[in-house]
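Worksheet: one structure, shown below.
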Amino acid sequence: MKLASVEEYLKRALEGEAIAAVKYFAFAIRAEEEGNAEAAEAFRTIMMQELWHARKILEMLGEIEDTRKNLGKAIAGERAESTDYYPNAALQARDEGNEEAIDLFEYLAATEKAHMKDFEILLKKMEKR
Ligand SMILES: [Fe+2]
Ligand SMILES: [Fe+2]
């Protein structure tokens, strides 16, 4: 694959590393369910390495700031997910009559809202200091 800039390679790499980490997390759980502790441990160890790769890439992209700013970004992201993305996804699932997807999207909307609130409480605490 040929991309036009280092920034594009970094952005694509971030997606690849993040998705690999999530897959290895899920594969580790599956391996545990199958009683394969050795495979589970390998998936978890390499999952953590992929997360460290992703962290380094995020740093190179300039996306890691001080905690006050990071909390602000996290709140914005959780807000967009809980008030826009997942509610719209749930409506679409309703249109399609996909009960499993309705339940998932509603659950995600609710938990992202809880994440948003937790981060907001932390940010408010920081601002009082
Ligand atoms: Fe990696
Ligand atoms: Fe979240």
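So in my numbering, the last one in the sequence shown is 1007, and the numbering has no gaps at all. We put the CB at the ideal spot given by N, CA and C, even for glycine. Small disclaimer: the values here were computed from a predicted structure and weren't measured.
Could you check where the alpha helix (DSSP H) with residue i kicks off and where it finishes?
i: residue 973; result: 964–973
i: residue 913; result: Residue 913 -> no alpha helix (DSSP H), and no H or E assigned at all.
i: residue 981; result: 977–1006
i: residue 945; result: 945–958
Expressed to the nearest angstrom, what Euclidean distance is found between the alpha-carbon atoms of residue i and residue j?
i: residue 958; j: residue 883; result: 29 Å
i: residue 927; j: residue 933; result: 10 Å
i: residue 980; j: residue 963; result: 13 Å
i: residue 899; j: residue 918; result: 13 Å
i: residue 903; j: residue 983; result: 21 Å
i: residue 924; j: residue 951; result: 27 Å
i: residue 968; j: residue 990; result: 14 Å
i: residue 916; j: residue 922; result: 10 Å
i: residue 961; j: residue 999; result: 18 Å
i: residue 987; j: residue 936; result: 25 Å
Quiz prompt | Sufficient close CB pairs (3 or more, under 8 Å) joining the region 903–916 to the region 883–893 | solution = The region 903–916 vs the region 883–893: no contact.
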